[in-house]
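In UniProt numbering, the protein residues as written are 1 to 121.
Glycine included, every Cβ here is placed at the ideal spot set by N, Cα and C.
First the structure, in the form of C-alpha cells, and then the observations on it.
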C-alpha cells in the first residue's frame, strides 16, 4: 500500500504556461497498470489540442474549465464532472474563468505516457 498527500507531492512544469502536474501514483511507487496525475491550470492557461494512443479518465476537483475535441466547440466542466477520453481522440483544455482549474487524470502505465523519472529504478 502507498498513501500520499497531494500537497506533499512535488509540483512539476508541464511545458504549458500556467499548468502544473503532480504525479500522485506512478510505476515509481509500484503501480503496474495506471498512473494518477493532479493538474492545476491557472486562469488564462491552456493545453492545446493533442491526442495519444491511450485513454484518459478525468475527475474535476476545483474550479471551472473547458474541454474541446475540435477547438470550436467547448464544453464547460465543474467540480464533480468526470470525463472519459478514448484513445486517439483529439482533446484540449482551457481555464478562462477560475483562479485555478484542478483535476485528477488517470492514464495507463505505458512507457510512452509516463516520464522516465516516474518509473521504478
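Per the contact definition of three or more C-beta pairs closer than 8 Å, is the region 55-66 in contact with the region 77-86?
-> With the cut-off at 8 Å, the region 77-86 and the region 55-66 touch.
Whole-angstrom C-beta distance between residue 39 and residue 105, which should lie under 8 Å = For the purposes of this step, residue 105 is identified with residue 105 of the chain shown, where counting begins at 1. For the purposes of this step, residue 39 is identified with residue 39 of the chain shown, where counting begins at 1. Contact flag correct, Cβ pair sits at about 6 Å.
Sequence-distant residues of its chain with Cβ nearer than 6 Å to residue 12 (five each side left out) | For the purposes of this step, residue 12 is taken as the residue at position 12 of the chain shown. Around residue 12, the same chain offers 21 as residues with beta carbons nearer than 6 Å, after the five sequence neighbours per side are excluded.
Under a three-way DSSP split, which group does residue 13 fall into?
-> Within the chain shown, residue 13 is the residue found at index 13, counting from 1. Strand.
So is residue 93 buried or exposed if we call it buried at 16+ other beta carbons inside 10 Å?
-> Counting from 1 along the chain shown, the entry for residue 93 is found at position 93. By the 10 Å Cβ count, residue 93 comes out buried.
What separation, rounded to the nearest whole angstrom, lies between the Cα atoms of residue 73 and residue 121?
-> Counting from 1 along the chain shown, the entry for residue 73 is found at position 73. Counting from 1 along the chain shown, the entry for residue 121 is found at position 121. Distance between residue 73 and residue 121, taken at the CA atoms: about 43 Å.
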